[in-house]
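A.B. asks: Sequential numbering from 2 applies to the sequence shown in our numbering.
My questions will all concern the structure given below.
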Amino acid sequence: MSFAVARLRAGGLITSYQCQSACPHCLYRSGPGRETASISQDIAAACFTKALSLGAGTMHVGGGEPLADPLALAGVLAAAAETGMGIEYVETSGSWYDDAEEAVELLTELRSMGLTTLLVSISPMHNGFIPLQKTRGVLNAAKQAGVAIFPWQEHFLKDLEVFAPDTTHPFAEYLHHFGPDYPAAILRRTWIHMGGRAFDLFAPVLGRQPVETILAQASPDCLAELTDTSHFHMDLAGDYVPGLCSGLALRVDDLGVPLDPERYPILTTLAESGINGFYEYAAALEEYLPRPDGYVNKCELCQDIRRHLSERGWFESTELSPPEFYAVP
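If you want it as structure tokens, here you go:
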């Protein structure tokens with residue numbers, strides 16, 4: 002089977018995995034324990050150029066926290082202007098906000114460089130690290146700077162407003178106030194991709210099943226997921242994240258052509274024989290043992306197998322990237 006990501010539809014560029022917040026639903030396990038490195042202008046330009054060549058005319062910018070490194074973000078905006086890539090919005094959690102005047106000055110300067118819209122994350126998970134007062138400060142600063150606002154999940158405001166706005170509130174406080182079924186209510190209200198830390202947050206309401214059940218119910222291959230580009234991501238290392246499978250990567254340079262099975266054995270196995278083939282390989286040759294508490298779905302099983310390979314010092318390929326994804330909680 003020939004596996005290639007031939008066309009790109011809609012996606013984003015991850016400028017850094019560093020973030021003040023370690024949100025319990027974060028797909029990429031971003032947080033303060035991640036490397037502080039940010040994307041270079043050259044890598045941003047290369048990513049934009051490849052995306053444009055494969056059909057994506059606009060992208061968003063995310064992280065981590067893009068505004069934690071304003072100079073790197075300015076370089077990304079410059080790379081977009083240089084290559085002709087349209088930037089739909091820049092994501093922020095608001096963790097960088099300290100002073101209203103300084104925030105307006107920063108956003109005004111970034112607007113002059115091409116920032117048109119700021120997506121501001123609003124959720125109980127973010128509120129564990131970002132006081133509502135900061136979130137409102139970012140929203141107000143963007144208005145004053147003439148930057149359009151995209152309040153992401155604004156419907157959560159009424160939940161956040163139950164608590165004091167000048168401090169953070171761990172997710173446990175939300176569980177105590179709204180009850181143990183609150184995570185299920187969140188999933189009914191918004192889309193959250195199951196990956197990274199999200200499995201542990203939502204497993205109590207989604208449930209976990211034994212590995213035998215997961216394998217029996219799995220599709221024969223993962224080709225559809227791996228080639229889905231309806232919401233793709235590229236990152237600061239020049240990697241492409243296939244199918245939003247965080248912790249799994251292929252080089253941006255290899256997009257658009259069939260992948261070499263020797264260079265990409267994990268992706269090739271998943272594309273050809275799915276989680277069953279990957280599990281059989283890991284169990285037979287890499288001494289992988291399934292967890293007794295089971296898995297939410299095949300993606301959690303895959304993520305756990307990849308964690309096992311990373312901990313064993315996997316050196317067969319560069320697909321398990323970034324390595325930090327498997328080393329931080």
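Note that CB positions come from ideal geometry on N, CA and C, so glycine has one too.
1. With burial defined as no fewer than 16 other Cβ atoms inside 10 Å of the residue's Cβ, what is the status of Ser-3: buried or exposed?
2. I need the boundaries of the alpha helix (DSSP H) containing Phe-279, first residue and last residue.
3. On the CB-based measure, 16 or more other CB atoms within 10 Å of its CB, does Gln-19 come out buried or exposed?
4. Helix, strand or coil: how does DSSP classify Ala-38 here?
5. Count the C-beta pairs between the segment 88-104 and the segment 131-144 that are closer than 8 angstroms, then say yes if the count reaches three, no if not.
6. Which ranges would you report for the alpha helix (DSSP H) in the segment 140-206 if only whole runs of at least 4 residues count?
7. Over what stretch of residues does the beta strand (DSSP E) that includes Glu-66 continue unbroken?
8. Please name the residue in Thr-136, Gln-42, Ala-75, Leu-224 whose C-alpha comes closest to that of Asp-100.
9. With distances taken Cα to Cα, identify the nearest neighbour of Tyr-29 among Gly-76, Glu-89, Ile-193.
10. Measuring CA to CA, which of Arg-264, Gly-244, Leu-120, Ser-220 is closest to Lys-299?
11. On the DSSP bridge assignment, give the partners of Val-121 in chain order.
12. Hey, how far is the Cα of Glu-273 from the Cα of Asp-222?
13. Does the separation of the CB atoms of Leu-111 and Ala-75 fall below 8 angstroms?
14. Find out if the Cβ-Cβ distance for the pair Phe-326, Gly-248 is shorter than 8 angstroms.
15. How is the alpha helix (DSSP H) around His-309 delimited, first residue to last?
16. For Glu-320, count the other beta carbons within 10 Å of its own beta carbon; 16 or more makes it buried, fewer makes it exposed. Which is it?
17. Span of the alpha helix (DSSP H) holding Gly-12?
18. Which partner residues does Gly-32 have in the DSSP bridge list?
19. In the structure shown, what three-state DSSP assignment does Thr-319 receive?
20. Could you tell me which residues DSSP puts in a beta bridge with Gln-210?
21. Which one or two residues does DSSP pair with Ile-88 in a beta bridge?
22. Measuring alpha carbon to alpha carbon, tell me which residue in Asp-254, Ile-123, Leu-14 is nearest Ala-81.
23. Which residue wins for smallest C-alpha separation from Thr-109, given the options Cys-24, Gly-87, Ala-142?
24. In this structure, how does DSSP classify His-127 when only helix, strand and coil are distinguished?
25. Candidates Pro-184, Thr-117, Ala-5: which alpha carbon is nearest Phe-151's?
26. Exposed or buried, Thr-168, counting other C-beta atoms within 10 Å across all chains shown (16 or more means buried)?
27. Assuming Val-105 is part of the alpha helix (DSSP H), what are its boundary residues?
28. Any idea which residues DSSP pairs Tyr-241 with across the strands?
29. Provide the residue span of the alpha helix (DSSP H) that contains Glu-226, from first to last.
C.D. replies: So, from the listed chains and residues:
1. Taking the first residue of the sequence shown as position 1, residue 3 is located at position 2. Exposed.
2. Here residue 279 refers to the residue found at position 278 of the sequence shown. Counting along the chain, the alpha helix (DSSP H) containing Phe-279 begins and ends at 266-286.
3. For the purposes of this step, residue 19 is identified with residue 18 of the sequence shown, where counting begins at 1. Gln-19 comes out buried.
4. In the sequence shown, residue 38 corresponds to position 37, counting from 1. Under the three-state reduction of DSSP output, Ala-38 falls in the coil class, being neither helix nor strand.
5. Touching, yes.
6. Counting whole runs of 4 or more residues, the segment 140-206 contains the alpha helix (DSSP H) stretches 158-161, 172-179, 183-190.
7. Here residue 66 is taken as the residue at index 65 of the sequence shown, counted from 1. Segment: none, Glu-66 is in no beta strand (DSSP E) and carries neither H nor E.
8. By 1-based counting over the sequence shown, the position of residue 100 is 99. Minimum Cα-Cα distance from Asp-100 among the listed residues Thr-136, Gln-42, Ala-75, Leu-224 corresponds to Thr-136.
9. Numbered from 1 along the sequence shown, position 28 holds the residue referred to as residue 29. Nearest option by C-alpha distance: Ile-193.
10. Numbered from 1 along the sequence shown, position 298 holds the residue referred to as residue 299. Nearest C-alpha to Lys-299: Ser-220.
11. Your numbering for residue 121 matches position 120 in the sequence shown. According to DSSP, Val-121 bridges with Thr-93, Pro-152.
12. Against the sequence shown, residue 273 aligns to sequence position 272. Against the sequence shown, residue 222 aligns to sequence position 221. Distance between the alpha carbons of Glu-273 and Asp-222 is about 6 angstroms.
13. In the sequence shown, counting from the first residue as 1, residue 111 sits at position 110. In the sequence shown, counting from the first residue as 1, residue 75 sits at position 74. Contact annotation: Leu-111 and Ala-75 have beta-carbon atoms nearer than 8 angstroms.
14. Counting from one through the sequence shown, the residue named residue 326 turns up at place 325. Counting from one through the sequence shown, the residue named residue 248 turns up at place 247. Going by beta carbons, Phe-326 and Gly-248 fall inside the 8 angstroms limit.
15. The count along the sequence shown starts at 1 and reaches residue 309 at position 308. It spans 299-312 - the alpha helix (DSSP H) in which His-309 sits, taken as one unbroken run.
16. In the sequence shown, counting from the first residue as 1, residue 320 sits at position 319. Under a 10 Å Cβ-count criterion, Glu-320 is classified as buried, with 16 or more other Cβ atoms of the shown protein chains found around its own Cβ.
17. Within the sequence shown, residue 12 is the residue found at index 11, counting from 1. Run containing Gly-12: none in the alpha helix (DSSP H); it sits in the beta strand (DSSP E), 12-15.
18. Here the question's residue 32 lines up with position 31 in the sequence shown. Note: Gly-32 sits in a beta bridge opposite Gln-19.
19. On the sequence shown, residue 319 is found 318 positions in, with the first residue counted as 1. Coil.
20. Mapped onto the sequence shown, residue 210 falls at position 209. Answer by DSSP bridge pairing, in chain order: Tyr-296.
21. By 1-based counting over the sequence shown, the position of residue 88 is 87. Met-60, per the DSSP bridge assignment.
22. Indexing the sequence shown from 1 puts residue 81 at position 80. Nearest C-alpha to Ala-81: Leu-14.
23. To locate residue 109, count along the sequence shown from 1; it is residue 108. Shortest Cα-Cα distance from Thr-109 to any of Cys-24, Gly-87, Ala-142 involves Ala-142.
24. By 1-based counting over the sequence shown, the position of residue 127 is 126. Three-state result, His-127: helix.
25. Taking the sequence shown and counting its residues from 1, the one referred to as residue 151 is at position 150. Looking from the CA of Phe-151, the closest CA among Pro-184, Thr-117, Ala-5 belongs to Thr-117.
26. Taking the first residue of the sequence shown as 1, we reach residue 168 at position 167. When all chains shown are included, Thr-168 counts as exposed.
27. Taking the first residue of the sequence shown as position 1, residue 105 is located at position 104. 101-114 is the extent of the alpha helix (DSSP H) around Val-105.
28. The residue labelled residue 241 in the question sits at position 240 within the sequence shown. DSSP output for Tyr-241 lists Met-235, Leu-251 as bridge partner(s).
29. Here residue 226 is taken as the residue at index 225 of the sequence shown, counted from 1. Here the alpha helix (DSSP H) through Glu-226 covers 224-227.
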